[in-house]
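K.L.:
The sequence shown begins at -3 in our numbering and counts up one residue at a time.
Even glycine gets a Cβ: it sits at the ideal position worked out from N, Cα and C.
Pasting a structure below so you can have a look.
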Amino acid sequence: MTGHVHSIQSLGTLDGPGLRFVVFLQGCNLRCKCCHNPDTWDMQSEKQFTPQEIVEKALHYKEYFGDKGGVTLSGGEPLLQPQFCYETFKLCHAKGINTCLDTSGNILNDNIKKLLGETDRVLLDIKYTENDLYLENVGCSLEKPLEFLYYLNEQKIPTTIRQVIIPTINDNQNNIQKLNKIVENHSCVDKVELLPFKKICQTKYDNMKIEFPFEHIPTPTKEMMNKLNELLK
Ligand code: SF4
-3 MTGHVHSIQS
7 LGTLDGPGLR
17 FVVFLQGCNL
27 RCKCCHNPDT
37 WDMQSEKQFT
47 PQEIVEKALH
57 YKEYFGDKGG
67 VTLSGGEPLL
77 QPQFCYETFK
87 LCHAKGINTC
97 LDTSGNILND
107 NIKKLLGETD
117 RVLLDIKYTE
127 NDLYLENVGC
137 SLEKPLEFLY
147 YLNEQKIPTT
157 IRQVIIPTIN
167 DNQNNIQKLN
177 KIVENHSCVD
187 KVELLPFKKI
197 CQTKYDNMKI
207 EFPFEHIPTP
217 TKEMMNKLNE
227 LLK
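So this is what it looks like as structure tokens:
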């Protein structure tokens, strides 16, 4: 079995605890208007690796992982390749490596539940707290990631909620209050990260000759990010 891989970051600090070997998988079923990685959407890629090959590569960095670090599967949307992710995480655990899944949580089925059984932490995107914004800017309903979160909570899987702050869309107090409510209701969530919307992906859209839907939206100021972070409970 092989997984379609977009790219690998040997030692990343942004996608999960500690230093991590981050594998960005190819393929996504959503079309977020703020997407930084439109080049991961198409499932086809020239790079395919077996779970064994991924874990062998990750093992080269094991000494840097320490107590907290490990392997993160990100995307694209890793849930589109649940069997590959499951096998990779199972092998990681056999080698004593911590596992983390970075997902938008819009699919939940038996294969994914099996994968979550080998997942030490989930980084879950709650992109907006309003269903209308989800439908308009993501392509699924808010219910999907909330159902996913409900399951994570039932299974007591440690979860970090992440949200990209996009000026004029979700950079407001009301959104953070709703996010606080979601966190309050799910004890599996032990961390919330607000990430500033960035536009460095513009060149990817230009190269793909497609429009970046949020091209006109400014990036948030530091003051705005600080203010919203202070509102987080
Ligand atoms: S889920 Fe992630 S990869 Fe997929 S479209 Fe949204 S931001 Fe892009």
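What distance in whole Å lies between the Cβ atoms of Cys81 and Asn102, which are believed to be in contact at a cut-off of 8 Å?
P.N.:
At roughly 15 Å, the Cβ-Cβ gap does not stay under 8 Å, so Asn102 and Cys81 are not in contact.
K.L.:
Residues around ligand 1, please: the condition is that the C-beta lies closer than 6 Å to some non-hydrogen atom of it.
P.N.:
Residues flagged by the Cβ proximity filter: Cys24, Leu26, Arg27, Cys28, Cys31, Asn33, Thr36, Gly71, Gly72, Glu73, Ser100.
K.L.:
How many Å lie between Gly71 and His0 at the Cα?
P.N.:
Going from the Cα of Gly71 to the Cα of His0 covers about 10 Å.
K.L.:
Kindly indicate which residue of Val160, Asn225, Pro74 has the alpha-carbon position closest to the one of Ile213.
P.N.:
That would be Val160, whose Cα lies nearest to the Cα of Ile213.
K.L.:
Check the C-beta distance from Leu228 over to Val188 and give it rounded, since I have them as a contact under 8 Å.
P.N.:
That belief holds up - the Cβ atoms of Leu228 and Val188 are roughly 6 Å apart, short of 8 Å.
K.L.:
Any idea what DSSP makes of Val179, helix, strand or coil?
P.N.:
It is helical.
K.L.:
So, at 6 Å on beta carbons, what are the nonlocal neighbours of Met221 in its own chain, with the 5 sequence-adjacent residues on each side left out?
P.N.:
Closer than 6 Å at Cβ, skipping near neighbours: Pro192.
K.L.:
Give me, in chain order, the residues of the same chain whose beta-carbon lies closer than 6 Å to that of Gly62; leave out the 5 immediate sequence neighbours on both sides.
P.N.:
Excluding sequence neighbours, Gly62 sits near Gly14.
K.L.:
At the 9 Å Cβ level, is Asn94 part of the contact set with chain D, yes or no?
P.N.:
Going by chain labels, chain D is absent from the structure shown, which holds only one protein chain.
K.L.:
How do the segment 31 to 43 and the segment 1 to 12 stand: do at least 3 beta-carbon pairs fall below 8 Å, yes or no?
P.N.:
Yes, they touch.
K.L.:
When you compare only the Cα positions, how much space is there between Leu111 and Glu73?
P.N.:
Each residue's Cα considered, the two are about 14 Å apart.
K.L.:
Give the range of the beta strand (DSSP E) segment to which Lys96 is assigned.
P.N.:
This sequence places Cys at residue 96; Lys is not what is there. Here the beta strand (DSSP E) through Cys96 covers 94 to 99.
K.L.:
Since Leu119 and Cys96 should fall inside the 8 Å C-beta cutoff, what is the C-beta to C-beta distance between them, to a whole number of angstroms?
P.N.:
Their Cβ separation, rounded to whole angstroms, is 6 Å, which keeps Leu119 and Cys96 in contact under 8 Å.
K.L.:
Could you name the residues of the same chain whose beta carbon sits closer than 8 Å to that of Tyr147, not counting the 5 residues immediately before and after it, in chain order?
P.N.:
Same-chain partners within the cutoff: Leu104, Lys109, Leu112.
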